[in-house]
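Asker: Position in the sequence shown (from 1) plus 120 gives the number in the working numbering.
My questions will all concern the structure given below.
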Amino acid sequence: MLARFRKPAVSAGRSGDQPVSGAEANGDQGHRLRAPSALHAFNRYEIKYLVDTAEAAELREEIGQRLDPDRHSGDRGYGIWSVYYDTRQLRFYWEKIEGLKFRRKLRVRHYGDRFAVEDGTPVFVEIKQRVNRVTQKRRVRLPYRDALRLCDGRRMVEHEPAQRAFLEEVLDLVLRLDLRAVAMTGYTRHAYVGRDADVGLRVTFDHRVRGRDRDLHLGADAENRLIVPARKTIVEVKANERVPYWLTDLTARRNLQVVRVSKYCQSVEAHGLAPRSIFHVPGHDLDLHLDHDLDHESGRPRPAALSEA
121 MLARFRKPAV SAGRSGDQPV SGAEANGDQG HRLRAPSALH AFNRYEIKYL
171 VDTAEAAELR EEIGQRLDPD RHSGDRGYGI WSVYYDTRQL RFYWEKIEGL
221 KFRRKLRVRH YGDRFAVEDG TPVFVEIKQR VNRVTQKRRV RLPYRDALRL
271 CDGRRMVEHE PAQRAFLEEV LDLVLRLDLR AVAMTGYTRH AYVGRDADVG
321 LRVTFDHRVR GRDRDLHLGA DAENRLIVPA RKTIVEVKAN ERVPYWLTDL
371 TARRNLQVVR VSKYCQSVEA HGLAPRSIFH VPGHDLDLHL DHDLDHESGR
421 PRPAALSEA
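Listed below in structure tokens is the structure:
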């Protein structure tokens with residue numbers, strides 16, 4: 121049995137690119153999220169919970185009995201690093217805080233070891249937008265040098281024909297709104313994908329959520345601060361049109377509460393770029409100290425990073 125959402129009609133955005141169907145977007149059990157397509161677009165619902173890390177481990181074990189591990193996760197999970205762009209007045213930040221029914225943000229995202237990022241490393245330039253309750257993502261994969269040339273240098277880059285409309289939209293946003301890199305986020309993710317009747321379902325566990333507001337090159341040897349307490353994990357359920365009853369029953373049985381938390385907003389507020397909102401996760405900046413543990417993405421010593429005891 122399935123709990124159904126009523127999905128409103130949505131457009132593909134101003135780029136003219138048509139979003140793919142749910143089956144296409146989440147085919148191959150969700151692994152196409154990082155597929156090397158010229159332009160990847162998909163719509164889905166996203167529900168977030170903030171869970172104690174100890175309970176998250178139990179939840180992962182229970183969910184792992186019904187869903188398959190994402191093939192990128194492995195035992196340690198994988199790193200996700202994103203640089204967010206915004207206006208001088210933090211327009212995208214305030215649109216999120218105010219809960220506008222249509223809002224969007226621009227980011228450059230890398231999957232994996234941030235210390236390995238070089239000019240030719242593939243990254244995603246991505247527009248993530250919200251239309252009512254539906255989340256839409258459109259993105260292209262580019263070498264990092266081209267992503268920087270587009271978003272920081274504000275120049276068109278070499279591209280495939282199918283990418284042109286999207287890249288023109290990105291360039292228009294950057295130029296018209298005078299966007300600039302504002303903050304970075306990074307975290308370790310374990311992901312699970314649906315099988316059989318649950319194909320299209322994706323559940324992610326993000327922990328060690330940290331960020332910074334300077335030295336925003338993805339590969340910079342720079343300090344990162346925890347922006348969500350180390351004892352907390354962000355659990356996110358992502359579905360096309362429905363969440364299975366077994367999963368809603370599981371979250372209800374564990375008394376998990378839906379939260380409005382944005383990693384980008386957490387980073388903005390944690391670094392004092394804007395006043396803390398009612399949605400800010402408290403407690404991340406108590407008893408900070410330098411942490412020289414191994415980096416979870418690379419397995420080698422990290423540069424000094426602000427962390428929570």
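Built from N, CA and C at the ideal position, the CB exists for glycine as well.
Return the residue from the list Val251, Tyr213, Glu343, Val319 that minimises the CA-CA distance to Arg330.
Answerer: Glu343
Asker: Hey, is Val290's beta-carbon within less than 8 Å of any beta-carbon in chain C?
Answerer: Of the protein chains in this structure there is only one, and it is not chain C.
Asker: Taking all protein chains shown into account, do 16 or more other C-beta atoms lie within 10 angstroms of the C-beta of Ile398, making it buried, or fewer, making it exposed?
Answerer: exposed
Asker: Considering Cα atoms alone, identify which of Asp266, His337, Arg261, Thr305 is closest to Val237.
Answerer: His337
Asker: Could you pull out every residue in the same chain whose Cβ sits closer than 7 Å to the Cβ of Asp239, ignoring the five residues on either side in sequence?
Answerer: Pro263, Tyr264, Arg265
Asker: Please list the segments of the beta strand (DSSP E) lying wholly inside the stretch 247-272, counting only runs of 3 or more residues, in order along the chain.
Answerer: 254-263
Asker: Would you call Leu220 buried or exposed, if buried means 16 or more other Cβ atoms sit within 10 Å of its Cβ?
Answerer: exposed
Asker: Asp333: which of Val243, His391, Gly403, Lys257 sits nearest, CA to CA?
Answerer: The residue with the shortest Cα to Cα distance from Asp333 is His391.
Asker: Give me the Cα-Cα distance between Ala155 and Phe222, rounded to the nearest whole angstrom.
Answerer: The pLDDT assigned to Ala155 is 35, lower than 50, so where the model puts this residue is not dependable; a value taken from the coordinates is nonetheless given after this. Ala155 and Phe222: Cα-Cα distance of roughly 27 Å.
Asker: Tell whether a beta-carbon distance below 8 Å holds between Tyr169 and Val379.
Answerer: yes
Asker: Please name the residue or residues paired with His327 in a DSSP beta bridge.
Answerer: Thr308
Asker: Please return the same chain residues whose Cβ sits closer than 8 Å to the Cβ of Leu187, not counting the five positions on each side in sequence.
Answerer: The answer, listed in chain order, is Tyr312, Val313, Gly314, Arg315, Asp318, Leu321, Val323.
Asker: Sort Asp341, Lys225, Ile167 by Cα distance to Cys385 and report the nearest one.
Answerer: Lys225
Asker: Tell me which same chain residues have a C-beta within less than 7 Å of the C-beta of Leu370, skipping the five on either side of it?
Answerer: Cβ neighbours of Leu370 beyond the five flanking positions: Glu182.
Asker: I'd like the list of long-range same chain contacts for Arg234, defined as Cβ closer than 7 Å, with 5 residues on each side in sequence excluded.
Answerer: Gly199, Trp201, Gly306, Leu338, Gly339, Glu417
Asker: Quick one, which of Tyr231, Arg300, Thr353 has its alpha-carbon nearest Phe212's?
Answerer: Ranking the options by Cα distance to Phe212, first place goes to Arg300.
Asker: Quick one: Cα of Lys257 to Cα of Val251, how far?
Answerer: 11 Å
Asker: Hey, could you find the ends of the beta strand (DSSP E) Gln222 is sitting in?
Answerer: Note on residue identity: the sequence assigns Phe, not Gln, to residue 222. Residues 222-231.
Asker: Tell me, which residues are paired with Glu166 by DSSP?
Answerer: Lys358
Asker: Nearest to Val294 by alpha carbon, out of Gly184, Val228, Ala394, Glu215?
Answerer: Val228
Asker: So Asp369 is in the alpha helix (DSSP H); what residue range does that whole segment cover?
Answerer: Its alpha helix (DSSP H) spans residues 365-373.
Asker: From the DSSP secondary-structure annotation, give me the bridge partner or partners of Ser193.
Answerer: According to DSSP, Ser193 bridges with nothing at all.
Asker: Find out if the Cβ-Cβ distance for the pair Leu297, Thr207 is shorter than 8 Å.
Answerer: With contacts defined as CB atoms closer than 8 Å, Leu297 and Thr207 qualify as a contacting pair.
Asker: Thinking C-alpha only, which one of Gln377, Asp172, Leu393, Val363 is nearest Gln209?
Answerer: Leu393
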